[in-house]
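Numbering that gives the first Met the number 0 puts the sequence shown at residues 0 to 684.
The beta-carbon is built from N, C-alpha and C at its ideal position, and this holds for glycine as well.
Since we're looking at a predicted model, the values are computed, not measured.
Working notes, beginning with the structure itself.
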Amino acid sequence: MKGPIDLALVWHFHQPDYTDPRTGAPAMPWTRLHALKDYADMAAHVARHPGVRVTFNVVPTLLDQLVRLADGSAPPDPFLALATKPAEELTPEERTFVVGHFFSLNRDRMAGDLRRYEELAALRGHAAPNAVGGAEVARFDDQALRDLQVLFHVAWSGSLLQADPVVARLRRKGRGFDESEKAELFAVHRAFLADVIPRWRRLADDGRVELSVSPYYHPILPLLCDTASALESVPDLPLPSSSFRHPEDASLQLERAMTRFEALFGRRAAGGWPSEGAISEAALARLAEAGYGWAASDEDLLFASLGSVFPADRATADAQRAALLYRPWRHGEGPVLLFRDHDLSDRIGFAYSGRPPAEAARDFADRLRRIRESLPDDGLRRVVTVILDGENAWEHYPDHATPFFDAFYGTLAEDPGVRTVTASEAAAPADASPLPQVTAGSWIYRSLATWIGHAEKNRGWELLAAARDAVEAARGPLAWDEPAWRAILAAEGSDWFWWYGDDHPTEYGAEFDLGFREKLRVAYTAAGLAAPASLDEPVKGAGLQTASRPSGPVTARIDGRVSDYFEWLAAGRVRVVHGAMHAATRLARDLWFGSDDDALYVRLDPFEPGSFDGADVRIRVPSGQAVEAAETALDRILEMRIPLAGLGGAARFAVEIKNAAGAVQRVPADGFIDVVVPDRFDWSA
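In structure tokens, the structure reads:
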């Protein structure tokens with residue numbers, strides 16, 4: 000009789016550093032929302048099933064954000080700021096944001112029983128979040144907006160919170176909420192967030208879970224060591240024009256992750272999941288030096304490293320695959336390596352959400368049983384490793400996946416042929432087989448092409464390389480306590496590059512793009528350097544989303560007033576974005592622009608009377624230079640005339656406004672406005 004097979008379940012908890020360096024607030028809400036729905040709940044699922052042991056892998060950038068949510072030191076993220084504001088006090092722009100973005104969830108799974116929420120969704124229609132306009136917003140009165148503020152956050156409340164008396168009462172009521180009820184909800188949320196990390200630590204202290212750690216800002220370690228490592232799996236992959244080769248950055252990301260982990264949990268981690276399961280021989284050496292006893296990646300990378308080619312016969316191929324996969328490995332003196340079963344991991348991540356929980360659990364157990372039966376009785380230690388995202392999958396499961404986990408963990412605990420173990424137990428050095436070589440790659444397609452090779456991804460690496468070189472020249476060698484270096488390390492995170500390119504569409508691509516470039520901008524300014532104008536150009540996509548082009552020549556009288564109906568009629572217009580994802584400084588409401596044969600004319604409408612009093616307004620061109628206006632007048636509006644010759648050949652511009660208090664607003668927030676001169680007008684348009 001074969002003994003039980005070991006099963007190592009590793010749930011990976013990860014969010015990038017969303018902190019807006021301008022405000023200190025999270026620029027996006029996903030850490031807070033997943034904390035309400037998933038992080039504490041994942042601990043509760045384990046606590047209900049004492050016969051099961053698992054590993055929680057955490058990323059320090061997530062831990063930092065959870066700490067700030069717990070102690071209240073973080074300003075509210077944009078969603079929370081607008082949710083807590085009285086509905087009747089929301090500005091038109093804020094109402095547009097709430098209607099546009101407060102449906103960002105899986106409605107069928109998370110809000111299917113909230114009838115009022117479905118009514119509000121029908122009221123809003125099918126416009127994309129950033130395409131919601133006045134017609135949709137006009138359908139929402141103050142009560143509808145307040146109901147939306149509440150129900151969005153009720154829907155994001157996980158199973159633990161659903162059992163809270165306040166949340167349960169609001170869910171039953173379903174509509175017609177008042178501001179006091181809304182305040183009750185967010186008070187419950189604040190208290191709940193403070194217990195996420197303590198829950199994890201209590202389970203770890205009781206030996207129920209192992210806690211492990213990824214590199215600090217979740218960078219792709221092989222690419223930090225050398226961007227050319229991407230060629231090992233894809234030899235003809237286009238690389239950035241600037242090479243990036245800084246293994247010292249990889250080491251610091253690993254060392255400081257261990258330090259932060261120990262400060263929060265009272266012990267060093269035994270190992271961890273390298274960001275995106277990305278490994279290379281150079282990265283493994285750095286992991287070992289930082290004290291990682293184990294690391295993990297995907298089965299495809301194991302087979303690529305072994306040069307394995309399996310026969311066409313399915314049964315023979317499965318047997319050979321199983322004999323290689325279900326054991327720990329080790330390359331040289333590096334950490335012991337676990338390679339995840341891709342199919343089993345993906346079944347939990349993507350397939351089982353559509354099946355009844357008991358049926359899904361039986362299917363998983365049956366597959367483990369067949370694996371155990373197929374393995375040779377050769378005396379080797381056998382371990383099946385399953386690793387996947389521990390947060391995003393559950394929004395596709397009914398009831399936040401609670402019924403699934405009860406069936407899943409319950410079935411595993413009762414199966415005598417399965418023994419759940421932690422990753423450290425699975426990665427015993429004495430049981431590891433030698434791995435002669437390691438091909439650089441990740442859990443996705445056994446390559447690194449998800450983070451490099453596309454023109455946008457490569458542009459991100461070029462901007463990062465230039466910023467790093469500039470910081471080193473200004474501030475000296477890499478140092479954790481130097482703010483400029485911390486900004487560089489934060490910009491090395493994998494998420495920024497994940498969302499570049501066309502392989503992962505998202506409605507929040509512009510926000511991720513801006514977040515990346517803001518990290519680099521802070522690196523320059525913290526080093527005492529001027530940020531280059533290249534950081535004003537979006538990497539993600541192209542073009543100005545909020546601008547209309549001039550329809551004909553414009554010649555304005557510079558007097559600070561709209562002197563004539565036709566004066567600005569043909570001008571182009573930039574609607575200044577005041578959405579909650581953008582800077583809070585509100586000085587301008589609209590920018591109008593146009594030109595004649597001699598000059599560019601710019602008009603700025605104030606957000607409110609007096610917004611421009613004492614302000615410094617400059618015209619910026621892509622070189623970063625400021626261009627002087629020949630005429631300027633401020634009355635009800637601000638008007639400027641800039642000779643075309645003074646633009647120095649530039650065909651693009653932006654406006655920078657700095658008020659007397661030092662607050663700065665740039666129009667547009669990203670990129671530049673194209674100057675259209677009369678001989679370029681298409682009169683047939």
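Asked: Where do the ends of the alpha helix (DSSP H) carrying Leu590 lie?; Found: It is not in any alpha helix (DSSP H) - Leu590 instead sits in the beta strand (DSSP E) that spans 587–594.
Asked: Hey, could you find the ends of the beta strand (DSSP E) Asp297 is sitting in?; Found: 293–297
Asked: Closest to Thr18 by CA distance: which of Glu630, Arg31, Ser446 is it?; Found: Arg31
Asked: What whole-angstrom Cβ distance do Ser279 and Ala439 have, given they're in contact under 8 Å?; Found: 4 Å
Asked: Taking Leu202 as the reference, which of Ser72, Ala39, Tyr216, Gly306 has the closest Cα?; Found: Ala39
Asked: In terms of residue numbering, what span does the alpha helix (DSSP H) encompassing Val208 cover?; Found: Per DSSP, Val208 belongs to no alpha helix (DSSP H); it is in the beta strand (DSSP E), 208–212.
Asked: Taking the DSSP output, what are the residues bridged to Pro428?; Found: Answer is none; Pro428 lacks a bridge partner.
Asked: Please report the distance separating the alpha-carbon of Leu251 from that of Glu536.; Found: 30 Å
Asked: Quick check: the Cα distance between Thr421 and Pro3, rounded to an integer number of angstroms?; Found: 15 Å
Asked: If I measure Cβ to Cβ from Arg418 and keep anything under 6 Å in the same chain, skipping five residues before and after, which residues do I get?; Found: Pro3, Asp5
Asked: Could you check which residue in Glu93, Glu180, Leu599 has the C-alpha nearest to that of Phe139?; Found: Glu93
Asked: At a cut-off of 8 Å, would you count Thr631 as near the ligand NAD, judging by its Cβ distance to the nearest heavy atom?; Found: Because no ligand of any kind appears in the structure shown, any question about the ligand NAD cannot be addressed here.
Asked: Who are the near neighbours of Gly175 in its chain, counting only those whose CB is closer than 6 Å to its CB and skipping five residues on each side?; Found: none
Asked: For Glu180, tell me which candidate among His152, Gly206, Pro552, Ala69 has the shortest Cα-Cα distance.; Found: His152
Asked: With distances taken between CB atoms, is the gap from Leu147 to Val97 smaller than 9 Å?; Found: yes
Asked: Just list the alpha helix (DSSP H) runs in the stretch 26–81, keeping only unbroken ones of 4 residues or longer that don't cross its boundaries, in chain order.; Found: 29–33, 39–46, 59–70
Asked: Rounded to whole angstroms, what is the Cα-Cα separation between Gly378 and Ala431?; Found: 13 Å
Asked: Going by beta carbon distance, what residues of the same chain come within less than 7 Å of Ile386, once the five residues before and after it are set aside?; Found: Val9, His11, Trp272, Ala295, Arg339, Ser344
Asked: I'd like to check one pair, Ala486 with Pro20: are the Cβ atoms closer than 9 Å?; Found: yes
Asked: Pull up the distance between the alpha-carbon of Phe55 and that of Val616, whole angstroms please.; Found: 51 Å
Asked: On the three-state DSSP scale, how would you describe Gly23?; Found: coil
Asked: Pick from Arg123, Gly551, Ala406, Ser562: whose alpha carbon is nearest that of Phe592?; Found: Gly551
Asked: In whole angstroms, what separates the C-alpha of Arg445 from that of Gly306?; Found: 12 Å
Asked: Beta carbon of Leu35, beta carbon of Phe191: below 9 Å?; Found: yes
Asked: Rounded to the nearest angstrom, how far is the Cβ of Gly333 from that of Leu283, given a contact under 8 Å?; Found: 4 Å
Asked: Please name the residue in Val601, Val663, Ala659 whose C-alpha comes closest to that of Leu643.; Found: Val601
Asked: Between Asp604 and Ala490, what straight-line distance do the alpha-carbon atoms span, to the nearest angstrom?; Found: 35 Å
Asked: What residues in its chain sit with their C-beta under 6 Å from that of Glu261, if we drop five residues either side in the sequence?; Found: Arg267
Asked: Go through its chain and collect everything with a Cβ distance to Gly348's Cβ below 6 Å, but skip five positions before and after it.; Found: Leu387, Ala392
Asked: Using the rule of at least 16 other Cβ atoms within 10 Å of the residue's Cβ for burial, across every protein chain shown, is Pro59 buried or exposed?; Found: buried
Asked: Please report the straight-line C-alpha distance between Ala555 and Ile636, rounded to a whole angstrom.; Found: 13 Å
Asked: If you reduce the DSSP assignment to three classes, tell me which class Tyr600 lands in.; Found: strand
Asked: Is Trp567 buried or exposed, if buried means 16 or more other CB atoms sit within 10 Å of its CB?; Found: buried
Asked: Taking the alpha-carbon positions, what's the Pro302 to Ala316 distance?; Found: Looking at the sequence itself, residue 302 is Phe, so the reference to Pro does not match. Using only the alpha carbons, I get a separation of about 12 Å.
Asked: Under a Cβ-count criterion, where at least 16 other Cβ atoms within 10 Å of its own Cβ denotes burial, should Ser594 be classed as buried or exposed?; Found: buried
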